[in-house]
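Visitor: Here it is, the structure, as structure tokens.
2 protein chains.
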Amino acid sequence: MATGRTHRPATRSRGIPEATVARLPLYLRALTALSERSVPTVSSEELAAAAGVNSAKLRKDFSYLGSYGTRGVGYDVEYLVYQISRELGLTQDWPVVIVGIGNLGAALANYGGFASRGFRIAALIDADPAMTGKMVAGLPLRHTDELESIIEDNGVSIGVIATPAGAAQQVCNRLVEAGVTSILNFAPTVLTVPDGVDVRKVDLSIELQILAFHEQRKAGEEADLAQPDTDAPAAPPAATARTVPAEKRRPEPGSDGDIPAVMPA
Amino acid sequence: MATGRTHRPATRSRGIPEATVARLPLYLRALTALSERSVPTVSSEELAAAAGVNSAKLRKDFSYLGSYGTRGVGYDVEYLVYQISRELGLTQDWPVVIVGIGNLGAALANYGGFASRGFRIAALIDADPAMTGKMVAGLPLRHTDELESIIEDNGVSIGVIATPAGAAQQVCNRLVEAGVTSILNFAPTVLTVPDGVDVRKVDLSIELQILAFHEQRKAGEEADLAQPDTDAPAAPPAATARTVPAEKRRPEPGSDGDIPAVMPA
DNA sequence: TATTGTGAACGCTTTCACAGCG
DNA sequence: CGCTGTGAAAGCGTTCACAATA
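Residue numbers (my numbering), protein chains in the order written: chain W, 1 to 265; chain Z, 1 to 265.
Shown next, in the form of structure tokens:
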């Protein structure tokens with residue numbers, strides 16, 4: 001690198017590692033905050049701290065975009081904001097639809113992060129006819145029947161699925177059929193899509209379970225040799241079926257109200 | 001492995017790769033579905049398909065837990081459900097608090113995935129005094145003042161932060177101070193925590209930005225040599241500050257209502 | 001025979017450490 | 001001198017392909 005900067009720093013984009021792409025939004029956020037405080041330049045060390053990564057990683061990441069820094073000085077904040085925004089495709093307008101306006105869908109519609117940075121909610125779509133026309137986040141709910149026309153009319157290529165698990169695949173199919181090629185899935189299901197369609201999933205229950213794993217680890221380290229195999233079945237792998245010792249949750253008097261148990265775990 | 005199965009398949013847990021841990025909940029979900037359909041055994045191929053991974057990966061993952069399968073047959077569904085549940089720490093009760101009951105917090109409180117699998121909402125906490133006592137998901141909202149006592153009284157070690165970005169670090173500090181050691185963060189900020197505290201973040205805006213990157217890629221591949229550098233500033237890295245070409249979003253007549261623009265990107 | 005369990009190869013990601021340069 | 005940019009090394013994670021075995 002260093003030498004030979006050709007005339008197109010633009011489509012040098014070929015082959016930015018996925019791990020780097022996933023961090024660019026983080027850097028962008030930190031840079032935006034600096035920009036708002038009118039900080040003109042920032043070192044890799046400072047920016048890395050703000051983004052919660054280490055500086056070597058950050059420098060390596062930026063090296064995939066080009067040589068945008070100045071040795072001995074750091075990075076120009078505004079310039080980097082622009083370059084990263086462009087790299088991420090945020091200098092253009094991305095109409096999105098949100099399908100499934102329950103608690104979560106409504107939260108998403110009201111979430112500022114969607115409206116900012118080039119994302120624009122083209123429509124909120126729900127299957128419940130009784131909800132059609134109701135206003136959420138300033139937008140009228142549209143019925144699922146209109147899904148295809150909404151997508152085509154608005155040139156929507158990004159869809160957000162916030163339906164119950166059972167409806168997700170079907171909604172997904174219709175989105176893809178209508179032309180959506182990127183999907184953000186909040187429903188706790190594995191979606192099957194054709195090649196060329198990207199799916200990212202956000203799964204609250206999975207995140208909690210990962211935390212529980214580590215939490216258990218911590219607890220186990222203290223007591224260590226405790227936990228002499230609770231009442232675990234030492235059943236031979238392919239013998240009589242073993243059942244989880246049923247619900248052994250203590251419902252803690254007075255705090256287990258009517259929490260819906262959808263069991264999407 | 002194979003040979004020498006010692007008496008404690010239990011705390012063989014040492015050193016399960018993080019990537020594997022992150023997939024265990026996925027397998028568990030697929031297995032639970034099979035269990036509900038009373039399917040007795042499943043092959044790595046079938047289970048992998050249901051979980052959306054390839055079978056080699058699944059077998060490797062399971063190999064870290066122990067030899068729970070039967071060659072020529074497959075895995076006993078119930079037995080695996082139990083083993084994975086135990087590995088993840090889901091056979092015990094995990095009281096959690098959710099802090100910040102806005103749109104998102106309420107959605108989380110109502111989300112079935114929280115209530116299932118050993119997670120129990122110990123309390124919903126919000127800073128707004130006007131909200132205190134209001135019922136959400138069958139639980140009364142508690143005021144932030146009670147945060148410490150709630151955590152101590154209930155032995156809460158997992159906290160969910162769904163506050164605005166500005167309040168997140170402060171809430172986090174109080175949670176950690178009171179004894180929480182695992183945090184699921186929905187606020188778009190980097191949280192700083194002491195060693196020994198786990199943080200996982202869920203960031204809607206980041207996921208969308210990653211999708212936008214790939215989406216842009218796809219579009220670029222079609223038109224390819226098009227996009228001759230929109231109006232990009234070829235500014236020398238450390239020269240005069242470059243500003244993003246201001247808002248060039250077309251507000252698409254009639255659809256840019258009062259969407260809050262919090263800009264947490 | 002069908003399918004698991006796993007060494008070994010491969011590829012991606014992170015980290016190191018320092019040359020290059022303003 | 002200070003800080004970026006980057007080869008090279010180290011560390012993980014995935015995939016291959018096949019020996020082990022119920």
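Quick reminder that beta carbons are idealized off the backbone N, C-alpha and C, glycines included.
At a CB-CB cut-off below 8 Å, which residues of chain Z make contact with Phe-62/W?
Guide: Within chain Z, no residue comes near Phe-62/W; the closest Cβ sits about 11 Å away, beyond 8 Å.
Visitor: Express the C-alpha separation of Asn-185/Z and Ser-205/W in angstroms, rounding to a whole number.
Guide: Rounded to the nearest angstrom, the two C-alpha atoms are 13 Å apart.
Visitor: Name the chain W residues that come within less than 9 Å of Lys-218/Z, Cβ to Cβ?
Guide: Within chain W, the residues near Lys-218/Z are Ser-157, Thr-181, Ser-182, Gly-196, Asp-198.
Visitor: Could you check if Pro-228/Z is buried or exposed, using at least 16 other CB atoms within 10 Å of its CB as the buried criterion?
Guide: Note that Pro-228/Z has pLDDT 39, beneath the 50 cutoff, so the model's placement of it is unreliable and the number below is only indicative. It counts as exposed.
Visitor: Any beta carbon from chain Z within less than 8 Å of Gln-169/W's own beta carbon?
Guide: It does not; no Cβ of chain Z falls within 8 Å.
Visitor: Counting Cβ pairs, one atom from each stretch, are 3 or more of them under 8 Å apart for the segment 138-145 of chain W and the segment 146-163 of chain Z?
Guide: At 8 Å Cβ cutoff, the stretches do not touch.
Visitor: Could you confirm whether any beta carbon from chain W is found closer than 8 Å to the beta carbon of Ser-44/Z?
Guide: With 8 Å as the cut-off, Ser-44/Z does not count as an interface residue toward chain W.
Visitor: Specify whether the segment 101-114 of chain W and the segment 68-83 of chain W touch according to this definition: at least 3 beta carbon pairs, one from each stretch, less than 8 Å apart.
Guide: Short answer: they don't touch.
Visitor: Quick one: give me the first and last residue of the beta strand (DSSP E) that Asp-76/W is part of.
Guide: Unbroken beta strand (DSSP E) run through Asp-76/W: 74-76.
Visitor: By DSSP, does Ala-265/Z sit in helix, in strand, or in coil?
Guide: The predicted model places Ala-265/Z with a pLDDT of 26, which falls under 50 and marks its position as unreliable; any figure quoted below should be read in that light. In this structure, Ala-265/Z counts as coil in the three-state DSSP scheme.
Visitor: Spatial neighbours of Pro-194/W within its chain, please: CB distance less than 8 Å, with the 5 preceding and 5 following residues excluded, ordered by chain position.
Guide: Around Pro-194/W: Val-176.
Visitor: Cα-Cα, which of Ile-158/Z, Gly-196/Z, Val-202/Z, Asp-203/Z is closest to Ile-183/Z?
Guide: The shortest Cα separation from Ile-183/Z among Ile-158/Z, Gly-196/Z, Val-202/Z, Asp-203/Z belongs to Ile-158/Z.
Visitor: Which residues of the segment 102-122 of chain W have a Cβ closer than 9 Å to any Cβ of chain Z? Give them in chain order.
Guide: Going along the segment 102-122 of chain W in chain order, one finds Gly-102, Asn-103, Leu-104, Gly-105, Ala-106, Ala-107, Leu-108, Ala-109, Asn-110, Tyr-111, Gly-112, Gly-113, Phe-114, Ala-115, Ser-116, Arg-117, Gly-118, Phe-119, Arg-120, Ile-121, Ala-122 with a Cβ nearer than 9 Å to chain Z.
Visitor: Can you tell me which residues form a DSSP beta bridge with Phe-119/Z?
Guide: Paired residue(s): Trp-94/Z.
Visitor: Note down the Cα distance separating Leu-124/W from Ala-137/W, rounded to an integer number of angstroms.
Guide: So the alpha carbons of these two residues sit roughly 9 Å apart.
Visitor: Give every residue of the same chain whose Cβ lies closer than 7 Å to the Cβ of Ala-122/W, excluding the five residues on either side of it in the sequence, and list them in chain order.
Guide: Result list for Ala-122/W: Pro-95, Val-96, Val-97, Ile-150, Asn-154, Val-156, in chain order.
Visitor: So who's on the other strand from Met-131/Z, going by DSSP bridges?
Guide: Met-131/Z pairs with nothing; no bridge assigned.
Visitor: Classify Glu-152/Z: buried if its beta carbon has 16 or more other beta carbons within 10 angstroms, exposed otherwise.
Guide: So Glu-152/Z counts as exposed.
Visitor: Closer than 7 Å by beta-carbon distance: list the chain Z residues that pair up with Gly-133/W, in chain order.
Guide: Per Cβ cutoff of 7 Å: no residues; Gly-133/W is ~14 Å from chain Z at best.
Visitor: How is Pro-40/Z classed by DSSP in three states: helix, strand or coil?
Guide: Residue state, collapsed to three classes: coil.
Visitor: Listing by chain order, which chain Z residues have their CB less than 7 Å from the CB of Leu-90/W?
Guide: Near Leu-90/W (Cβ distances below 7 Å), the residues of chain Z are Gln-209, Ala-212.
Visitor: Is there at least one Cβ from chain Z nearer than 8 Å to Pro-253/W's Cβ?
Guide: Residue confidence is low: Pro-253/W scores 29 on pLDDT, short of 50, so the model does not pin down where it sits. Its coordinate-derived value is still stated next. By this cut-off, Pro-253/W is not an interface position.
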